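Number of protein chains: 2
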Amino acid sequence: MPQFRNPADHPLIRKLQSSFELSDHERAAVLALPIQSVEIRANQDIAREGDRPGRSCVILRGITRTYKMTRDGKRQIMAFHMPGDMPDLQSLHLKVLDSSLGTVSACRIGFIPHDAIRDLCDSNSGLAAALWRTTLVDASIFREWVVNVGRRDGYQRIAHIMCEILVRMREVGLTDDHSCPMPISQTELADATGLSAVHANRVIQDLRADGLIVLKGGMFTALDWPALKAAAAFDPTYLHLGEGRASD
Amino acid sequence: MPQFRNPADHPLIRKLQSSFELSDHERAAVLALPIQSVEIRANQDIAREGDRPGRSCVILRGITRTYKMTRDGKRQIMAFHMPGDMPDLQSLHLKVLDSSLGTVSACRIGFIPHDAIRDLCDSNSGLAAALWRTTLVDASIFREWVVNVGRRDGYQRIAHIMCEILVRMREVGLTDDHSCPMPISQTELADATGLSAVHANRVIQDLRADGLIVLKGGMFTALDWPALKAAAAFDPTYLHLGEGRASD
DNA sequence: CGAGCTTTTGATCCGAGTCAATCTTCGTGG
DNA sequence: CCACGAAGATTGACTCGGATCAAAAGCTCG
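As structure tokens, then:
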């Protein structure tokens, strides 16, 4: 069980602390969770629609996606997940998985038995609330994605998702100024925005031509962050980051 | 404070019991919540994006919608809510409302202070889990809506949302066979499916012409339920209704 | 009974999908 | 170190679902 020198470096602790003050006792309780850590290659399913998992996972490294396939073979990605996220935490209370979960990049994934999480929640209502809250933020992001896909054109959609990814990457310390690694393919961006891969590509070229982004070699840079945000009509409120403080 | 003869008639109790077994003690605890009940006309906001509410609401009668307006004045509805639903329960843990909530039809709404809900959750982890679960089902519905709007054409989208509404209406006892009241306007259906009102209307006429639905006089009937489900590729798994049992 | 929605219809236009081919990139094995 | 194959990115040509605009017709309710 590979560990982190400083508990605060553990992605899950980091995540929970970003919104809740954790006591030493609570931190210890989280670190005491039995986590089975596994390395998974890129583009592999972690769990599938219809499964009835007895555990949830936490992302320790890498990026994953939640998606569904439609009858006629189209794919819709509903979410990307960053280190610290628990992408299938909902299975703690919803028996059947309603969507599939897979890796985007190569990942290190930690699996935690539901029983352990339930015990934790039963014995500590503060941690229960913290975990609950993370699922509420996920839901808020889904709502924004409904708006993105339902009411914005291709240019805005791609701009918006790039904004979101950058801000969330920053939250987990993976950005360098306005740049971050971008293991997500254009096809995946298309499937996340309800566009075809061809059109997504054209829109990306437009964003480049307009000097808003650089996207190449697995790296993304928001060349002109204010302009990109404006093009996307991006308002990060829905991410509910550090809600007490002001932030950009 | 108008009450229900039988506690099991209380929409909130009903809702929680549909997935969790409640003990007498838990039922009593829920009924003891201080609920301020208010009558609200159709088409009125209950809470707005940006608000920081100190209470959440439960729908006692009528239908509400969660929505956002985009910069350029377009509206996207992200959810409809039925009696028993708590459409802004997320505000218990997310300080700022990221979307607006308003009535579709005239409604009776019960307001419950966050403090009361928090106390309930702190003292009863089972009820906390039950409430948490309702927000997880909401999230699952958002995911399905992303798919609906992102990867289905207009005909399927409208068919799908009609299926969802009928099934959820049935869940709360508002259907008569395959019919239910339908206070939702075509414009609202359009805003919920990412279509224009004109196109939504045309699609609805197609569904009528194909003998799948009847929609008039504030009433909806699924004339040919199997065919409607098939046209929508509707799989109710995502609603997580009575998950132990089989259901149609 | 009239104002204001909601629903409907017609005409026109465009964003985005589809199909098909080519070009890049990159990991892998020889 | 390079050839090869597979996946990802790009380009061009063509088509179409659905948006927009405009106006008429039905409803509902104060």
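Residue numbers (our numbering), protein chains in the order written: chain G, 747 to 994; chain A, 747 to 994. No residue lacks a Cβ here, since even glycine has one placed at the ideal position from N, Cα and C. All values reported here derive from a predicted model rather than from experimental measurement.
Residue burial classification, residue i (beta-carbon count within 10 angstroms, cutoff 16)
| i | result |
| --- | --- |
| G/P757 | buried |
| A/K975 | buried |
| A/D844 | buried |
| G/G796 | exposed |
| G/H771 | exposed |
| A/M824 | buried |
| A/R798 | exposed |
| G/F750 | exposed |
| A/R811 | buried |
| G/K962 | exposed |
| G/R787 | exposed |
| A/V913 | buried |
| G/Q790 | exposed |
| G/N894 | buried |
| A/P829 | buried |
| A/E785 | exposed |
| A/P833 | buried |
| A/A992 | Confidence at A/A992 is low in this model, with a pLDDT of 41, below 50, so the placement of that residue should be treated as unreliable; the coordinate-derived value is given next. With fewer than 16 other Cβ atoms within 10 Å, it is exposed. |
| A/A946 | buried |
| A/V944 | exposed |
| A/Q836 | buried |
| A/K841 | exposed |
| G/G848 | buried |
| G/A977 | buried |
| G/D831 | buried |
Whole-Å CB distance - residue i paired with residue j, under 8 Å assumed
| i | j | result |
| --- | --- | --- |
| G/I986 | G/V892 | One detail in the question is off: residue 986 of chain G reads as His in this sequence, not Ile. Between G/V892 and G/H986 the Cβ distance is about 17 Å, and since that is not below 8 Å, they are no contact. |
| A/T816 | G/A938 | That pair is no contact at about 18 Å. |
| G/H860 | G/R821 | About 28 Å; that fails the 8 Å criterion. |
| A/I858 | A/P780 | 7 Å |
| A/S871 | G/D865 | Contact flag wrong, Cβ pair sits at about 10 Å. |
| G/I950 | G/F826 | With a Cβ gap of about 16 Å, G/I950 and G/F826 do not count as contacting. |
| G/V850 | G/I959 | That belief does not hold up - the Cβ atoms of G/V850 and G/I959 are roughly 19 Å apart, past 8 Å. |
| A/A885 | G/F888 | 6 Å |
| G/C853 | G/R807 | 6 Å |
| A/I805 | A/L838 | Actually they do not touch by this definition, with Cβ atoms about 16 Å apart. |
| A/Y813 | A/S846 | 6 Å |
The alpha helix (DSSP H) enclosing residue i, as first and last residue numbers
| i | result |
| --- | --- |
| G/E785 | It is not in any alpha helix (DSSP H) - G/E785 instead sits in the beta strand (DSSP E) that spans Q782 to I786. |
| A/S765 | A/S765 -> no alpha helix (DSSP H), and no H or E assigned at all. |
| A/H827 | Unbroken run through A/H827 is the beta strand (DSSP E), R821 to H827; no alpha helix (DSSP H). |
| A/K841 | Premise fails: A/K841 is in no alpha helix (DSSP H) and is neither H nor E. |
| G/L873 | S871 to R897 |
| G/L974 | W971 to A978 |
| A/A946 | A943 to A955 |
| A/V918 | First-last for A/V918: undefined, no H or E at that position. |
| G/A754 | No alpha helix (DSSP H) contains G/A754, which DSSP labels as neither H nor E. |
| A/L935 | Q932 to T939 |
Limits of the unbroken beta strand (DSSP E) element including residue i
| i | result |
| --- | --- |
| A/P859 | C853 to P859 |
| A/V960 | I959 to K962 |
| A/G848 | S846 to T849 |
| G/P927 | S925 to P927 |
| A/I809 | Counting along the chain, A/I809 falls outside any beta strand (DSSP E), and DSSP gives it neither H nor E. |
| G/L967 | In the sequence on display, residue 967 of chain G carries Thr and not Leu. M965 to A968 is the span of the beta strand (DSSP E), which, as asked, contains G/T967. |
| G/A793 | D791 to A793 |
Residue i CB to nearest heavy atom of the ligand HEM below 7 Å
| i | result |
| --- | --- |
| A/L866 | In the structure on display, the ligand HEM does not appear, and there are no ligands present to speak of. |
- Item | Members of the region 878-893 of chain G near chain A, C-beta cut-off 8 Å | Those residues of the region 878-893 of chain G that come within reach of chain A (Cβ to Cβ, closer than 8 Å) are W878, R879, T881, L882, V883, D884, A885, S886, F888, R889, E890, W891, V892 and V893.
| query | Quick one, which residues of the region 835-851 of chain G are near chain A if we go by CB-CB under 7 Å, in chain order? | reply | Residues Q836, H839, L840, K841, V842, D844 and S845.
Check: Is the number of C-beta pairs between the region 898-910 of chain A and the region 935-950 of chain A that are closer than 8 Å three or more?
Finding: yes
### Task
Quick one: which residues of the region 890-917 of chain G get their C-beta closer than 8 Å to a C-beta of chain A? List them in chain order.
E890, W891, V892, V893, V895, G896, R897 and R898
Inspect the CB distances between the region 757-766 of chain G and the region 873-882 of chain G and report whether three or more fall short of 8 Å. yes
Meets three-Cβ-pair contact criterion under 8 Å: the region 919-930 of chain G and the region 951-968 of chain G
yes
**Item:** Against chain A: residues of the region 797-815 of chain G by CB proximity under 8 Å
**Value:** T812 and K814
Mind checking the region 819-833 of chain G against chain A and listing, in chain order, the residues whose C-beta falls within less than 9 Å of any C-beta there? The residues in question are K820, R821, Q822, I823, M824 and A825.
Closer than 7 Å, Cβ to any Cβ of chain G: which residues of the region 851-869 of chain A, in chain order?
C867 and D868
- prompt: Taking any Cβ of chain A, which residues in the region 938-963 of chain G have a Cβ under 7 Å from it, in chain order?
  reply: For the region 938-963 of chain G, which is checked against every Cβ of chain A, the residues closer than 7 Å are G940.
Could you name the residues of the region 967-992 of chain A whose beta carbon sits closer than 7 Å to any beta carbon of chain G, in the order they occur along the chain? A979, T983, Y984, H986 and E989
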